[in-house]
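Student:
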Amino acid sequence: SAMREQGLEPEAACHLMARAADRIQVQLNGQELVERSGDDLWTHLPLPEGLLRPGENRFAFSAVADDVDDADRWDVEWTAQAAPRIPWQHRRFRGEAVFAEIQEDSLPIADHSTETAHYLYFSYPWNARSDSPAEVEAEVKVISGWNNIMVSNGVAMERVTLHPDHIGTYYTGLRYEMGTTDDHHTYHVVVQGEDIRVFVDGELRIDGEGMFTEPTDGGNSVAFGAANSPSIGEALWRSVRMRSPGTAGPEIYDLVVTVRFPGAE
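The opening position of the sequence shown corresponds to residue 1 in my numbering, with each subsequent residue numbered one higher.
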């Protein structure tokens with residue numbers, strides 16, 4: 001009211017950070033918010049005058065059914081047009097020895113240090129279930145050393161290791177001999193129950209039936225990156241995509257409400 005006395009009218013908006021925000025219905029104090037704009041990270045919804053009120057305000061969110069039945073669709077997909085953004089998280093940037101920076105059509109991720117706790121991974125909370133298939137696929141060109149695609153589903157975990165002359169599984173010691181440095185190859189990892197399978201360029205190369213059993217302390221994510229001390233590693237990552245029951249629908253990460261007074265000094 002004090003601002004209105006100065007001739008300044010408020011503009012209120014809701015800002016929603018979510019995956020598949022176009023499939024989320026938003027209500028404030030019982031009224032649906034229809035008008036929206038934004039990008040793949042934030043959706044902006046202007047609030048009609050008078051809808052935001054002093055005291056308690058109640059937001060309600062509803063997932064809208066997806067009318068597209070596409071079994072081949074990926075729920076989450078990152079491509080090397082920019083570094084992974086929230087809800088992706090990263091760990092361990094340690095100066096020049098550990099780095100990741102977009103170059104042309106790939107993201108080089110490198111760990112050139114043998115010191116303890118030097119590594120670099122980007123992780124995503126995919127909320128997989130052990131009783132349902134969960135899949136991750138990455139386009140990668142190995143440069144050197146040891147690189148990983150790491151998967152966990154709340155029950156078990158595994159690292160699919162990518163070396164210049166072979167790929168393998170870290171905990172169970174499975175191995176497939178191949179050259180990985182000649183070009184980007186597509187590595188497709190599928191986990192379900194106690195099984196893990198790794199496909200390379202569409203061909204089954206590692207069949208870990210009954211071998212996805214290394215316990216995890218509740219971790220439930222996909223991660224990709226370089227090395228683990230004292231080892232080193234470097235690879236060019238072009239894309240990472242995934243699907244699981246936990247990524248099949250919309251998900252909300254954050255909500256912000258702003259009130260602005262255009263013209264205020």
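C-beta atoms are modelled at their ideal positions from N, C-alpha and C, and glycine is treated no differently. Quick caveat: nothing in here was measured; it's all calculated off a predicted structure.
With Arg243 as the anchor, note down where its beta strand (DSSP E) starts and where it stops.
Tutor: Your numbering for residue 243 matches position 243 in the sequence shown. Per DSSP, Arg243 belongs to the beta strand (DSSP E) from 233-243.
Student: Tell me which residue opens and which closes the beta strand (DSSP E) that Glu209 is part of.
Tutor: In the sequence shown, residue 209 corresponds to position 209, counting from 1. Note, Glu209: premise wrong, no beta strand (DSSP E); not H, not E.
Student: Grouping DSSP H, G and I as helix and E and B as strand, with all else coil, what is Ile2?
Tutor: Locating residue 2 in the sequence shown gives position 2, where the first residue counts as 1. The sequence given here places Ala at residue 2; Ile does not occur at that position. The three-state secondary structure of Ala2, taken from DSSP, is helix.
Student: Determine the DSSP secondary structure at Gly50, reduced to helix, strand or coil.
Tutor: Indexing the sequence shown from 1 puts residue 50 at position 50. Assignment of Gly50 by DSSP, reduced to helix, strand and coil, places it in the coil class.
Student: Can you tell me which of the three DSSP states Asp22 falls into?
Tutor: For the purposes of this step, residue 22 is taken as the residue at position 22 of the sequence shown. Residue state, collapsed to three classes: helix.
Student: I'd like the list of long-range same chain contacts for Gln192, defined as Cβ closer than 6 Å, with 5 residues on each side in sequence excluded.
Tutor: As a first step, residue 192 must be located in the sequence shown, where it is residue number 192. Taking C-beta separations shorter than 6 Å and ignoring five residues to either side along the sequence, the partners of Gln192 in its chain run Pro133, following chain order.
Student: Pop quiz: Arg167 and Val198 are said to be a contact at Cβ under 8 Å. What is the actual Cβ separation, rounded to whole angstroms?
Tutor: The residue given as residue 167 occupies position 167 in the sequence shown. The residue given as residue 198 occupies position 198 in the sequence shown. Checking the sequence shown, residue 167 turns out to be Ile, not Arg. That pair is a contact at about 7 Å.
Student: DSSP three-state call for Gly145: helix, strand or coil?
Tutor: To locate residue 145, count along the sequence shown from 1; it is residue 145. Strand at Gly145.
Student: By Cβ distance, which residues of its chain are closer than 7 Å to Ile102, with the 5 residues on each side in sequence left out?
Tutor: Taking the first residue of the sequence shown as 1, we reach residue 102 at position 102. Cβ within range, chain order: Ala80, Ala82, Ala83.
Student: Roughly how many angstroms lie between the CA atoms of Asp66 and Ala21, to the nearest whole one?
Tutor: As a first step, residue 66 is located in the sequence shown; it is residue number 66 there, counting from the start. As a first step, residue 21 is located in the sequence shown; it is residue number 21 there, counting from the start. Going by the C-alpha atoms only, they are around 12 Å apart.
Student: Would you call the CB atoms of Ala156 and Ser130 closer than 9 Å?
Tutor: Stepping through the sequence shown from its first residue, residue 156 is reached at position 156. Stepping through the sequence shown from its first residue, residue 130 is reached at position 130. A contact, by the Cβ cut-off of 9 Å.
Student: Just how far apart, CA to CA, sit Gly208 and Val34?
Tutor: In the sequence shown, residue 208 corresponds to position 208, counting from 1. In the sequence shown, residue 34 corresponds to position 34, counting from 1. One Cα belongs to Gly208, the other to Val34, and the distance between them is close to 48 Å.
Student: Do you know how far the Cα of Thr169 is from the Cα of Thr216?
Tutor: For the purposes of this step, residue 216 is taken as residue 216 along the sequence shown, with counting starting at 1. For the purposes of this step, residue 169 is taken as residue 169 along the sequence shown, with counting starting at 1. The straight-line gap from Cα to Cα measures roughly 15 Å.
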